[in-house]
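A quick write-up on the structure given underneath.
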DNA sequence: TTCATATTGAGACTTGGTCTCAATCTTATT
DNA sequence: AATAAGATTGAGACCAAGTCTCAATATGAA
Ligand SMILES: [Zn+2]
Ligand SMILES: [Zn+2]
Ligand SMILES: [Zn+2]
Ligand SMILES: [Zn+2]
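Residue numbers (the working numbering), protein chains in the order written: chain E, 1 to 160; chain W, 1 to 160.
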């Protein structure tokens, strides 16, 4: 069992919930995914590996993983949600390419500090934040020129 | 006709679209709403005033209003969307109370500048951003103490 | 082993929003 | 004012993502 999965198990037990095989299988898969994924993509991955775990359980478990702070959910402008695991990594925010969907992670202690200051000024007890910068990544900027000649060479990711 | 509505009309015409009575009625209502609202709330408001405008048209017009930059859409953690009009105001971001749904607007030129720097460092052509700080507003912090005696006095806003 | 309780799967259901298309409206042109 | 081309609309079907229900099953404590 991966160490992150064990952490999740500890969280579940600390909450007086039960540790089920479904929860273990789902968590293993989540921590195997080294990129952002949707709930449904995860469900399909699990199904394809022969697990007969229902969509409801996948959603329920993702919610628990989020509560455990081992996984975070990202909202895209389209309204869709992505998940990513956090291996005790530093918190990060995202640059999101509106053309190809690519996400670049960054962390700015300056921005984080400013947020805390703004919260304090407003007598607001900050619990979290969400910062997404939208735009066009360097690859897609280049592609624009190429596409002037040969239209639409790479397929855009549908989900973005 | 409100001046913001006239601006919307100009936008519509500049795009070679048609200025319909429905678009005018919807825009008037949008600029009458001095708080954040959902698409469906707007639809109901209009219906209650006796307008027979379809949900589809409300959604279509909100999309146009967004494109015209007179209105902006805000995504909540819950996945719901709110709209707010922007009367040529300065761009702003939000502190969002997770208890009562209250939104406090703020603007930080420092944060904006840092975002531009981060984008430049990543060779990313920034087109927009979304910053939301979540937490508990000062009112709700106080209420916590009151609630220790008399439980749940004010009803939380469901949409948050 | 037994029992109380938590979890699960299947699929109905809900929500928020989009799409379709015939009827209607707008605008430009006569 | 009449016409015509094209844009917009309303009604409701449709869709995707996610939640809910509930009977069957699994878990963990005693
Ligand atoms: Zn890109
Ligand atoms: Zn990430
Ligand atoms: Zn509050
Ligand atoms: Zn606002």
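Backbone N, C-alpha and C define an ideal beta-carbon position, used for all residues, glycine too.
Model, not experiment: these values are computed from the prediction.
With 7 Å set as the bound, which would you pick, yes or no: does the beta-carbon of residue i sit closer than that to a beta-carbon of chain W?
{"i": "residue 163 of chain E", "result": "The question about residue 163 of chain E has no answer, for chain E in this structure spans 1 to 160."}
{"i": "residue 115 of chain E", "result": "yes"}
{"i": "residue 128 of chain E", "result": "yes"}
{"i": "residue 134 of chain E", "result": "yes"}
{"i": "residue 110 of chain E", "result": "yes"}
{"i": "residue 102 of chain E", "result": "no"}
{"i": "residue 138 of chain E", "result": "yes"}
{"i": "residue 125 of chain E", "result": "yes"}
{"i": "residue 48 of chain E", "result": "no"}
{"i": "residue 131 of chain E", "result": "yes"}
{"i": "residue 70 of chain E", "result": "no"}
{"i": "residue 95 of chain E", "result": "yes"}
{"i": "residue 80 of chain E", "result": "no"}
On the CB-based measure, 16 or more other CB atoms within 10 Å of its CB, does residue i come out buried or exposed?
{"i": "residue 169 of chain W", "result": "Here chain W has residues from 1 to 160 only, and residue 169 of chain W is not among them."}
{"i": "residue 21 of chain E", "result": "exposed"}
{"i": "residue 56 of chain E", "result": "exposed"}
{"i": "residue 6 of chain E", "result": "exposed"}
{"i": "residue 166 of chain W", "result": "In the structure as shown, chain W begins at 1 and stops at 160. Residue 166 of chain W is therefore absent and cannot be evaluated."}
{"i": "residue 115 of chain E", "result": "buried"}
{"i": "residue 1 of chain W", "result": "exposed"}
{"i": "residue 109 of chain E", "result": "exposed"}
{"i": "residue 29 of chain W", "result": "buried"}
{"i": "residue 98 of chain E", "result": "buried"}
{"i": "residue 37 of chain W", "result": "buried"}
{"i": "residue 68 of chain E", "result": "buried"}
{"i": "residue 35 of chain E", "result": "exposed"}
Quick check: what's the CA-CA separation for residue i versus residue j?
{"i": "residue 117 of chain E", "j": "residue 92 of chain W", "result": "16 Å"}
{"i": "residue 131 of chain E", "j": "residue 119 of chain E", "result": "15 Å"}
{"i": "residue 11 of chain E", "j": "residue 47 of chain W", "result": "48 Å"}
{"i": "residue 76 of chain W", "j": "residue 18 of chain W", "result": "32 Å"}
{"i": "residue 128 of chain W", "j": "residue 59 of chain E", "result": "30 Å"}
{"i": "residue 26 of chain E", "j": "residue 124 of chain E", "result": "36 Å"}
{"i": "residue 3 of chain E", "j": "residue 106 of chain W", "result": "41 Å"}
{"i": "residue 8 of chain W", "j": "residue 95 of chain E", "result": "31 Å"}
{"i": "residue 140 of chain W", "j": "residue 13 of chain W", "result": "46 Å"}
{"i": "residue 49 of chain E", "j": "residue 101 of chain E", "result": "26 Å"}
{"i": "residue 104 of chain W", "j": "residue 74 of chain W", "result": "13 Å"}
{"i": "residue 78 of chain E", "j": "residue 133 of chain E", "result": "14 Å"}
{"i": "residue 111 of chain W", "j": "residue 51 of chain E", "result": "46 Å"}
{"i": "residue 137 of chain W", "j": "residue 71 of chain E", "result": "26 Å"}
{"i": "residue 39 of chain W", "j": "residue 61 of chain W", "result": "10 Å"}
{"i": "residue 23 of chain W", "j": "residue 81 of chain W", "result": "20 Å"}
{"i": "residue 43 of chain E", "j": "residue 90 of chain E", "result": "27 Å"}
{"i": "residue 122 of chain W", "j": "residue 41 of chain E", "result": "28 Å"}
{"i": "residue 53 of chain E", "j": "residue 65 of chain E", "result": "16 Å"}
{"i": "residue 32 of chain E", "j": "residue 63 of chain E", "result": "18 Å"}
{"i": "residue 15 of chain E", "j": "residue 83 of chain W", "result": "37 Å"}
{"i": "residue 196 of chain E", "j": "residue 126 of chain W", "result": "What is shown of chain E runs 1 to 160, which leaves residue 196 of chain E out entirely."}
{"i": "residue 113 of chain E", "j": "residue 45 of chain W", "result": "41 Å"}
Check the Cβ-Cβ distances between residue i and every residue of chain E, and say whether any is below 7 Å.
{"i": "residue 106 of chain W", "result": "yes"}
{"i": "residue 141 of chain W", "result": "yes"}
{"i": "residue 118 of chain W", "result": "yes"}
{"i": "residue 90 of chain W", "result": "no"}
{"i": "residue 75 of chain W", "result": "yes"}
Can you look up residue i in the DSSP assignment and give me helix, strand or coil?
{"i": "residue 123 of chain W", "result": "coil"}
{"i": "residue 14 of chain W", "result": "helix"}
{"i": "residue 131 of chain E", "result": "strand"}
{"i": "residue 54 of chain W", "result": "coil"}
{"i": "residue 25 of chain W", "result": "helix"}
{"i": "residue 37 of chain W", "result": "strand"}
{"i": "residue 100 of chain W", "result": "coil"}
{"i": "residue 86 of chain W", "result": "coil"}
{"i": "residue 47 of chain W", "result": "helix"}
{"i": "residue 2 of chain E", "result": "coil"}
{"i": "residue 141 of chain E", "result": "helix"}
{"i": "residue 115 of chain E", "result": "helix"}
{"i": "residue 67 of chain W", "result": "helix"}
{"i": "residue 7 of chain E", "result": "helix"}
{"i": "residue 42 of chain E", "result": "helix"}
{"i": "residue 95 of chain E", "result": "strand"}
{"i": "residue 20 of chain E", "result": "coil"}
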